[in-house]
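Read the structure below first, then the notes.
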Amino acid sequence: MDRGPFYLFLAWHFVCMLAYNVSSTAIGYRQLETGSGSGHALHMERIANAFTSFLPVRAFAQYAGTATGYGFFAPQVGSSFRLEVSVIDPSESLRTTLHAPSFAHTHSLLRYQSLLGRLQHLITDTPHNDRLSLPLRQARALAHCLAQRLALHHWGPEARPIRCEVYVCHHNQRTSIYQKMIDLAPTP
Amino acid sequence: MIQHFFFEAKHHPGWLPVFRCGMGILVLLTGIQLWPDFHLLYGSDSVIDHRLLQLGDDSPHKLAPRLTERRYLALYLVCCASLACGIVPRIAAIGLLLLHQGLYIAHPAFSYGFDYVACSALFYCMWFPLKNPASQWATPCLRVLQLHLCLIYFFGGFDKLIGPTWRNGEALWKALHLPDLPGPLQPALSSLHPDPMLFTLLGWGIILLEIGYPIGIWLRTTRRIWLLSIVALHAGIAAFLGLYHFSALMVLLNACAFYLPYRKTRSQSEQIANPIPQPAVAPSRRANPSAGSEPSVHKPNAPHV
Chain W
2 MDRGPFYLFL
12 AWHFVCMLAY
22 NVSSTAIGYR
32 QLETGSGSGH
42 ALHMERIANA
52 FTSFLPVRAF
62 AQYAGTATGY
72 GFFAPQVGSS
82 FRLEVSVIDP
92 SESLRTTLHA
102 PSFAHTHSLL
112 RYQSLLGRLQ
122 HLITDTPHND
132 RLSLPLRQAR
142 ALAHCLAQRL
152 ALHHWGPEAR
162 PIRCEVYVCH
172 HNQRTSIYQK
182 MIDLAPTP
Chain H
1288 MIQHFFFEAK
1298 HHPGWLPVFR
1308 CGMGILVLLT
1318 GIQLWPDFHL
1328 LYGSDSVIDH
1338 RLLQLGDDSP
1348 HKLAPRLTER
1358 RYLALYLVCC
1368 ASLACGIVPR
1378 IAAIGLLLLH
1388 QGLYIAHPAF
1398 SYGFDYVACS
1408 ALFYCMWFPL
1418 KNPASQWATP
1428 CLRVLQLHLC
1438 LIYFFGGFDK
1448 LIGPTWRNGE
1458 ALWKALHLPD
1468 LPGPLQPALS
1478 SLHPDPMLFT
1488 LLGWGIILLE
1498 IGYPIGIWLR
1508 TTRRIWLLSI
1518 VALHAGIAAF
1528 LGLYHFSALM
1538 VLLNACAFYL
1548 PYRKTRSQSE
1558 QIANPIPQPA
1568 VAPSRRANPS
1578 AGSEPSVHKP
1588 NAPHV
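Written as structure tokens, this is what we have:
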């Protein structure tokens, strides 16, 4: 039994895993720490990212399912987001509201909530000199697209205009972080 | 020592069939649950435009195209059943891994922790000697799984340790009250008086349990308690956060890595039940003629008698 290839695979597999986790830990640490430690974390993150940007590493890690950090719910528990779509009457009163697609199973709702986590950029990315970052623009576009498609799925194209509102939720409280009126009429 | 650790140590081979069957059943269940909602999440009339999420993303997507048709999910279910039943398990595992990539990993809009850990487990199904649990590669494969679990828990614990909210219990309280993860026992929490000290202690307990896993799980004296504590942690995650699939997967991996391989093999059990007769007490065989009359193939110590 030739053991060399096994040791080679083992080293490669675990170095890939370590690189992704070091990068993920360093990102988490930098979010919390602004002192001298954050410089070291940035250095480690850059080294890890340089390694993981190497295509064979990325491809292997993607197929091995290791292209991720294992700090579940860490270093801090993220906020929950909620997207509400409402149909507005011509008299500008709220007619009906929708929170999520009507899924048959709660596991699908869990997956949908995972997507809503991307809306965090609506609060973490602030515009600099009227220039919006790509993640912030993506988050806004995502909210817009979700609201539009949910309304079309649920009420059809005749439900217009609609209002899209995103909330950040903590326990029993919620705060509105984004609001937009959307007309479902096809663009000429 | 390394050679012995990876290749020469012998373990109960029963973990491999449980690993294969458990993984097949678990991913089959997730696939079945996804079936009625597939079109809303992954279909061509999904609730989002998936191209939107790919903007600025340069990951190697071309290696796994996005699967938008339900027939791929049907194929996924067939592969799951094949893996669970042990029918061409390696081919089923390869098919599952490719489909899992196309569905969940390459386009992770709706993916969460379960999908990544399950992907790794399917990757291992592809390599492990599933059809021959007594293979000489069973021990090296077991070591890969064990080391992977140690890494998962170590980083899970370390990342929590650097977060001040885990050290003061706030993160645990927040996690248990997340409105988007309503487990069946979550309402019971609101009826309890929140004791900050309790959450602080539990928070530290989780940190120590996870960060100490790579040591505690290897020591024979602490293995059982560590394993039970980890299973209790995942049972809590299922009950309070509703993450059933993730919890079931982690319990399965823990059982396959650190419980089943350390069960006593049949020959070991027989040795305990029928200790090796010493040459000095050979006359006792006359008192019990049946002792030592079993076929020697079942008794590794037979040549010494």
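Sequence order for the protein chains is W and H. Each number in our numbering corresponds to the 1-based position in the first sequence with 1 added. Each number in our numbering corresponds to the 1-based position in the second sequence with 1287 added. All C-beta atoms, glycine included, are put in the ideal place defined by N, C-alpha and C. Since the structure is predicted, the reported quantities are computational estimates derived from the model, not experimental observations.
Practice task
With H/Tyr1546 as the anchor, note down where its alpha helix (DSSP H) starts and where it stops.
Solution key: Premise fails: H/Tyr1546 is in no alpha helix (DSSP H) and is neither H nor E.
Practice task
Express the C-alpha separation of W/Ser177 and W/Arg161 in angstroms, rounding to a whole number.
Solution key: 22 Å
Exercise for the section: Would you mind sorting W/Thr69 into buried or exposed? The rule is 16 or more other CB atoms within 10 Å of its CB. Expected result: buried
Handout entry: Cα-Cα separation, W/Met182 to W/Glu166
Key = 9 Å
Practice task
Flag this pair as touching only if the region 1299 to 1311 of chain H and the region 1357 to 1377 of chain H have three or more C-beta atom pairs under 8 Å; answer yes or no.
Solution key: yes
Practice task
Give a yes or no on whether the C-beta atoms belonging to W/Gln121 and W/Ser80 are separated by under 8 Å.
Solution key: yes
Practice task
Count the CB pairs spanning the region 1456 to 1474 of chain H and the region 1499 to 1514 of chain H that are closer than 8 Å, and state whether there are at least three.
Solution key: no
Handout entry: Within 8 Å, strictly: CB atoms of H/Thr1452 and W/His108
Key = no
Exercise for the section: Using a cut-off of 8 Å between C-beta atoms, extract the partners of H/Gln1388 located in chain W. Expected result: Gln63 and Tyr64
Practice task
In the DSSP assignment, find the unbroken beta strand (DSSP E) run with W/Met182 in it and report its ends.
Solution key: Gln174 to Ile183
Exercise for the section: Give the DSSP-derived three-state secondary structure of W/His171 in the structure shown. Expected result: strand
Practice task
State yes or no: is the C-beta of H/Leu1339 within less than 8 Å of the C-beta of W/Gln180?
Solution key: no
Handout entry: Whole-angstrom distance between W/Pro91 and W/Val169, CA atom to CA atom
Key = 28 Å
Problem - Contacts around H/Ile1381, its chain only, beta-carbon distance under 8 Å, and the 5 residues preceding and following it disregarded - result: Met1413
Exercise for the section: Would you kindly report the start and end of the unbroken alpha helix (DSSP H) that includes H/Ile1502? Expected result: Tyr1500 to Gly1503
Handout entry: Contact list for W/Leu11 against chain H, beta-carbon separation under 9 Å
Key = Phe1293, Pro1427, Arg1430, Val1431 and Leu1434
Practice task
For chain H, find out if any of its Cβ atoms is closer than 8 Å to the Cβ of W/Arg154; answer yes or no.
Solution key: The sequence shown places His at residue 154 of chain W, rather than the Arg named in the question. By this cut-off, W/His154 is an interface position.
Problem - Cβ neighbour criterion (16 or more within 10 Å) applied to W/Arg132 - result: exposed
Problem - For W/Phe82, the residue or residues it bridges with in DSSP - result: W/Val169
Handout entry: Residues of its chain near W/Asp184, where Cβ-Cβ distance is below 6 Å and the 5 sequence neighbours each way are ignored
Key = Arg161 and Pro162
Exercise for the section: Give the straight-line distance between the Cα atoms of H/Tyr1549 and H/Leu1489, rounded to the nearest whole angstrom. Expected result: 29 Å
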